[in-house]
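Below is one structure; the comments refer to it alone.
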Amino acid sequence: MPNSLNIAKERISQISDIATSYVQADKSLFDHFIHSYYQPLHQETAKDISNADLAGMALHHFTLLKAYDRNHPQLAILNPIAEEQHFHSSHTVIQIVAYDRPFLVDTLLMSLEEQGIDVHRTYHIIVNVERDENGAITKVESAQESGTSHMSLIHCEISYQDNDELVALKQMLLAKVDTLDIVVDDWQQIRAKLTNIKAELATKTLPEVFYSQQEIQAFLDWVLDDHFIFLGYREYRLKDGNSGEVGSVGSTANQIDRSDLDLFSIGNSGLGLSRGSSEDQLSKSFDELPSNLKRLLTAPQVLVLSKSSRVSPVHRPVYMDFLGIHKFDDNGKLIGEHRFIGLFTAQAYQFSVQQIPLLREKSNKIMAMAKLPRDGHAYHKMMHIINTLPRDDLFQASVEDLYPTVLGISQLQDKKSLRLFCRIDHYQRFVSCLVYIPRDKFNTELRIKVQNVLKEAYGGTSSGFTTEFNESEHARVHVHVRTAPGQVHEVDTAALQAKLSSLMQSWSDHYQKMLLDNVGEQHANALTRRFLSYIPAAYQERFDARTAVEDTKRLAGLSDEQPMIWHLYQSTGDASNQLHLKLYGRQKAVILSKVLPVLENFGVSVISAQTYEFDLPEQPIWMQEYELVLEHVDTIDMQVVRAQFEDSLKQIWAGQVESDSLNELVLTTKLDTYDVVVLRALSRYMMQAKAPFSNVYIQQTMVKNSDISVALGSLFDARMNPNYSEAERASKTSQIQEQITAALADVSSLDEDRIFRWYLDLINAMVRTNFYQREADGSRKDRLSFKFLAADIPNLPKPKPMFEIFVYSPCVEAVHLRGGKVARGGLRWSDRMEDFRTEVLGLVKAQMVKNAVIVPVGSKGGFIVKTKTMADGRDVFQAEGIACYQTFLRGMLDVTDNIVDGAIVPPANTVRHDEDDPYLVVAADKGTATFSDIANALSAEYNFWLDDAFASGGSVGYDHKAMGITARGGWESVKRHFRMRGMDIQNRDDFTVVAIGDMSGDVFGNGMLRSTHTKLVAAFNHLHIFIDPNPDTAASFAERERLFDLPRSSWEDYNQSLISQGGGIFSRQDKTIAISPEMKARFDISDDSLAPNDFISALLKSPVDLIWNGGIGTYVKSSEESHADVGDRANDAVRVNGGELRAAIVGEGGNLGFTQQGRIEYAQTGGRIYTDAIDNSGGVNCSDHEVNIKILLGKVVEQG
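What follows is the structure, encoded as structure tokens:
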């Protein structure tokens, strides 16, 4: 019946047709060869090979067969080329023709594997070949059985080998075949040797040390019954180095010293792989053994089973089995040994032990020692264990060695425990180790670790393994540790087992145990359930379980109140300048680029950073690890700085503290987060007070001279800490002052010395601070306030006010200047980030003039918003401005006395170096026109004695915009100027105006509605330029009035259909503005186009009747002044000189529109101008009256 799995005959015929076309002679013979050659080829193997290639392969093999000379194998290794061999392959091809012999294919394949060469395809057939008297092949047909009378044809495809490697590979394979021939030639003789030895043993009285004589005979019969592949034999004789006598059967260890024995191989006794010299030779390996091992090996025991130290070169690449049979003389003396090497056949490993002599006897003895009821569960379990033990161990080990192992295995109860059973080979060539590992713990990584530990423990040279899984809870790993005889280490098996058990424990096991030990069972179980399954593999590779427990506790501590945790530490063994930082957080991990600048400001370099994410179901959490190196110091006192460093990072990330290079002081000195905030706030005030140093340079100086920085912090504490008595304060202050003075003598840089003296002057001029105050809940205030006696600050720009309060926070900076104890003035929302104090100082000068004839005297304040801009949205920016305004006011109220029941009540926890000072009144200004109610709400919050007199205006005060009081006052000046020119602008004469501002503003809007004869030809604010060259006076007035009533209007809301020819509304962001003929005529401009800023300058210099300043900024200076002298960088691009103005009159409804010298220069050209202090004093006077009335009547109202 044809085999449907093999290649079809039709295809073989097609292959034959192709193949025979390549030959000229023997076509019929070749055709017959092709059919015999491919008849057993599996169709799955053939489906991916073309018929042409199959034809060429067969032709090449047939050529080798014809060349075979019946003495030596024909072996070809080639990288086939189609035009030469008629077939192609991407692999290297080996083809062999040799007489059939056992293990030929096995030996070929194992030899290639030993060389690390991959075998992709192997095809082997056995054929019968007939030849004529000349040796020519006459017939080829498939053989029906294996035998040396037949020919083996092997085709093998291997991974591609370079051509220059093929010769060496061929020589190696031929040598293997030669070795195989030696084994095949001698195996019958080796078998006959064993037969004769067996018969000889039957006639002698033998010691029954381990086995009965009957069982030995049965075992040798079993071996001869094709259960052992004989590969070699050699006979040895023993000789006493002293007397030549060797111990007899009845000798004892006390009678004979076997340590002096010598072992000789007998010449010409070797067969197979053991072929050797024709003369007796001393066994060098035996001679080099230690005496105790010699005694052990020469103890009479008849039969010795072990493993050879050599790997089989044929059939299977495993260490060969060793069968040693002791040789006795007629008197029972041990005189030598017969040694057989080979391989047990597969049946030796498959049969039950009861079917194999020796093993059945061992098994019976073990069961007898166990004393278990026959056929009971425990009995069958132990029998199963014996049958499944590694068969080599059963052959080689004694019952005394096997019983403890079998018993131990039978008692494997704990599914989580590892057990180890070890046995040292009789010849000490190896140690057999059985390791039982819980199945859920077993993996390749653990197995490799176990092997390495065992090899190291026993001093092994190499190791091999086999792994077995069955229905039990453990995986069995059988590790063979190869050792050198006499050099096996002594091992404490229990300790070794414990070591392996620790290897078995996974990271998760250690983690759970550490949690249990650290936090107790209940909490540990909860943390394990929450975290264990979500700890990333990268984290487990990086950190041990003990560290993970600490990290887990911190991660578990994350909450809404504590969304991030920082942890700084140093590891033992790290360099003194090396630090580690861990950051723990929730939700999405922070971007490293945001963290790194913060860390670098602490004076460290970030060497590496790694993020670990824990995807907990309820909420993702994460940890980041940073490796840091100190940049400017060699070491730090971790016990001092750890907590303050972690707190500082926490405060920075929460937005409570700013990040700059002063933070390095937190990490390198005893100054904590808020000690450094004091130094930072003072440096910011220095910048506003025009100290001639950059902020960066100040910070560098403070860090470089950290000891002086610490002393300044101590001086601040000594002067301002309310916990000291006056005597303590005076003593500490004096002592620290002297210390700082001495330290300054060692500062080599003059600029650095000046910076420190600025700090020293500011601290000495400080009379109050809210630094030591706390909120009702005990928390630190979100702002820092300093009150100075300005006269005591030597380098402060003049004029110097009486008092100055500086308020600092990460969100706002503010300053308030007072001309006297009873002073009032507005608070401005400034956009001059770099020099807002200069702006306020200019304003307070004017305010002092305005208040010269009224009570109180002048004051002025201003603040900047640091964290938001208009780019964040108008509403967002406005809300932030209000919050900053509130912080400013709270900061001032923090250091202001109150009056309760007629008595002065100082602020709590505040040292006062000045007299009672309860008078603090504020008013609206630029950006704060609608904030009066907000201010008075804070007055109520503080129970401040002025109540709603604290801030003029608002819902319980005069509405300046509704009253138009400031513009009305300024307009009186404008009317007077025009009257002096003979014009009645209220009733008769139209007049042209260029104005600064827009209709939403109080001063601008009210001013541009004071007269119906106003012809507003141009106006500008920070966003737009309004141009109406020839306005309709009535229509434009009505439209301005509409815009004034429209909340939050801008010039874009103006009805452009009402604008005269050549006019329009233009953005200040435009690149250029086209100048129309009407514009040129009205403003006397010759250019065809101008940039917006240049256009505004031209408008200021245009020939109009009036310039009305209802806006913010300084637009006119003198020609003798620079823009830097003005201190309003925002308007540098549009500012003009007073001598360039051609307007007849200037009305200053807003403050600081002109510098004082600019006014003078303008007036000298004939222009009519008073000052801002006169023009807009109406609003100030109104507010002063309001406050004084409220103060006067407040007590009356309070009393009902």
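Plus 7 on top of the position in the sequence shown (first one is 1) and you've got my numbering. Ideal Cβ positions, reconstructed from N, Cα and C, are used throughout, including at glycine.
Once DSSP output is grouped into helix, strand and coil, what is the label at residue i?
{"i": "W952", "result": "coil"}
{"i": "G466", "result": "coil"}
{"i": "I363", "result": "coil"}
{"i": "G1185", "result": "helix"}
{"i": "L379", "result": "coil"}
{"i": "L312", "result": "strand"}
{"i": "F94", "result": "coil"}
{"i": "S272", "result": "strand"}
{"i": "E841", "result": "coil"}
{"i": "F449", "result": "coil"}
{"i": "V1141", "result": "coil"}
{"i": "K828", "result": "coil"}
{"i": "G888", "result": "helix"}
{"i": "D188", "result": "helix"}
{"i": "R736", "result": "helix"}
Let me make sure I understand the geometry here. Which of the options has the alpha-carbon closest to that of residue i?
{"i": "N1013", "options": "N916, T1079, N1116", "result": "N1116"}
{"i": "D924", "options": "A930, I911, Q403, T917", "result": "I911"}
{"i": "P1209", "options": "E121, D139, S272", "result": "Here the chain has residues from 8 to 1207 only, and residue 1209 is not among them."}
{"i": "V1187", "options": "N670, K875, W952, G865", "result": "G865"}
{"i": "W1058", "options": "R1049, E1048, I1072", "result": "I1072"}
{"i": "V309", "options": "H333, Y326, H322, L669", "result": "H333"}
{"i": "Y591", "options": "G564, V191, G1185, E922", "result": "G564"}
{"i": "I455", "options": "P445, D432, G467, V486", "result": "V486"}
{"i": "Q494", "options": "Y434, Y386, R537", "result": "Y434"}
{"i": "K867", "options": "L834, A182, K875, N78", "result": "L834"}
{"i": "F778", "options": "T1121, V918, E811", "result": "V918"}
{"i": "K697", "options": "F609, D842, L719, G826", "result": "D842"}
{"i": "T129", "options": "M117, G527, I643", "result": "M117"}
{"i": "K852", "options": "K873, M809, N394", "result": "M809"}
{"i": "Q1164", "options": "I1152, G1146, E1155", "result": "G1146"}
Is residue i buried or exposed, if buried means 16 or more other CB atoms sit within 10 Å of its CB?
{"i": "S370", "result": "buried"}
{"i": "R995", "result": "exposed"}
{"i": "E140", "result": "exposed"}
{"i": "N338", "result": "exposed"}
{"i": "Q420", "result": "exposed"}
{"i": "Y704", "result": "exposed"}
{"i": "E735", "result": "exposed"}
{"i": "R446", "result": "exposed"}
{"i": "G1008", "result": "buried"}
{"i": "S716", "result": "buried"}
{"i": "H823", "result": "buried"}
{"i": "M390", "result": "buried"}
{"i": "Q569", "result": "exposed"}
{"i": "F476", "result": "exposed"}
{"i": "D1135", "result": "buried"}
Which partner residues does residue i have in the DSSP bridge list?
{"i": "H345", "result": "E242, I332"}
{"i": "K146", "result": "E137"}
{"i": "T129", "result": "C163"}
Can you give me the Cβ contacts of residue i inside the same chain, cut-off strictly under 6 Å, excluding the 5 residues immediately before and after it?
{"i": "D38", "result": "S23, T27"}
{"i": "S20", "result": "none"}
{"i": "G239", "result": "G279, L280, S281, I348"}
{"i": "F237", "result": "W194, I197, R198, G349"}
In chain order, what residues of the same chain lie with their CB nearer than 7 Å to the CB of residue i, ignoring the 5 residues before and after it?
{"i": "S405", "result": "F217"}
{"i": "L1016", "result": "R1047, E1048, F1051"}
{"i": "K291", "result": "none"}
{"i": "E782", "result": "K788"}
Within its chain, find whatever has a CB closer than 8 Å to the CB of residue i; leave out the 5 residues flanking it on each side and keep chain order.
{"i": "L769", "result": "L689, Y692, M693, F793, F795, I800"}
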